[in-house]
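**Student:** The sequence shown runs contiguously to residue 895 in my numbering. We treat Cβ as the ideally placed atom computed from N, Cα and C, and that holds for glycine.
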Amino acid sequence: MTAAASVPAAETAVRPLRVRLVIAAIAATLAVIDLVVKHLVEQAHPVDADFGLLSIRLAYNPGISFSMGASLPAWVVIAVTGAVTLGIAVYAWRTAPEVPNSARLALAMILAGATGNLVDRIADGAVTDYLYTGWFPTFNIADALLTCGVVLLILVTLLTEVRPRPAARPEPEPQDEPAS
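#1: Would you report the Cα separation of L745 and I837, rounded to the nearest angstrom?
#2: In this structure, what does DSSP give as the bridge partners for N776?
#3: Got a sec? Which residues, its chain only, sit under 6 Å from I741 by beta carbon, not counting five neighbours each side?
#4: Quick one: give me the first and last residue of the alpha helix (DSSP H) that L808 is part of.
#5: Check whether the segment 805-816 and the segment 846-854 are in contact - that is, three or more C-beta pairs closer than 8 Å.
#6: Going by beta carbon distance, what residues of the same chain come within less than 6 Å of A774, once the five residues before and after it are set aside?
#7: Check S782 in the structure and name its three-state DSSP category.
#8: From this set, Y847, L820, S770, which residue's C-alpha is nearest V737's C-alpha?
#9: Just grab the DSSP bridge partners of D765 for me.
#10: Considering Cα atoms alone, identify which of S782, R772, H754, A829 is closest to V799.
#11: Which first and last residues belong to the alpha helix (DSSP H) in which V865 is found?
#12: In angstroms with no decimal places, state the Cα-to-Cα distance between M783 and I793.
#13: Quick one: Cα of A759 to Cα of V734, how far?
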């Protein structure tokens, strides 16, 4: 008896849903953390803090990455980032049961970053950035989640062995009957 055969059918039906809900919960938790930190930084403004390699410096980005599209109307940027976020959510929902845990974490991080920035942008038409290095554009936790999630997903994809699906058994060829 195989391991799959010993698992009740109800449990195998619940497992994909449970995996998807865990990813959604992780993404929601990380997005909330991002939004809370953004709010705290805004409340503490104009206090800037310098921690050496990283400083807190409040900035608002009406565009997307590196302020691209900053001159576009806010509704256009919101519509595009909303569509991309929805696409990420659908992809994560559909693939979650079939990918390794590291890819699930990567998908949760990507979804959290996209959601955190989308919610922030909907609130006032711009994303709140506050992490400043002096050599890189100002960013936030959501940006870091997106970047780290994408890097992790690429690494998992490159390093995970692809297992081919079992081939269907070929139909047996008909035997020629001997002539009598």
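**Tutor:** The structure says:
#1: Looking at the two C-alpha atoms, the distance is approximately 18 Å.
#2: N776 is bridged to V842.
#3: If we look at I741 and ignore the five residues flanking it on each side, its Cβ neighbours are A823.
#4: Checking the sequence shown, residue 808 turns out to be Trp, not Leu. It spans 789-810 - the alpha helix (DSSP H) in which W808 sits, taken as one unbroken run.
#5: They do not touch, by the three-pair rule.
#6: Same-chain partners within the cutoff: D844, T853.
#7: In the three-state reduction of the DSSP assignment, S782 falls in the helix class, which pools H, G and I.
#8: Nearest of Y847, L820, S770 to V737, Cα basis: L820.
#9: Residue pairing by DSSP puts D765 in a beta bridge opposite S770.
#10: Comparing Cα-Cα distances from V799 to each of S782, R772, H754, A829, the minimum goes to A829.
#11: Counting along the chain, the alpha helix (DSSP H) containing V865 begins and ends at 856-874.
#12: Within the model, the alpha-carbon separation for M783 versus I793 is close to 13 Å.
#13: Distance between the alpha carbons of A759 and V734: 38 Å.
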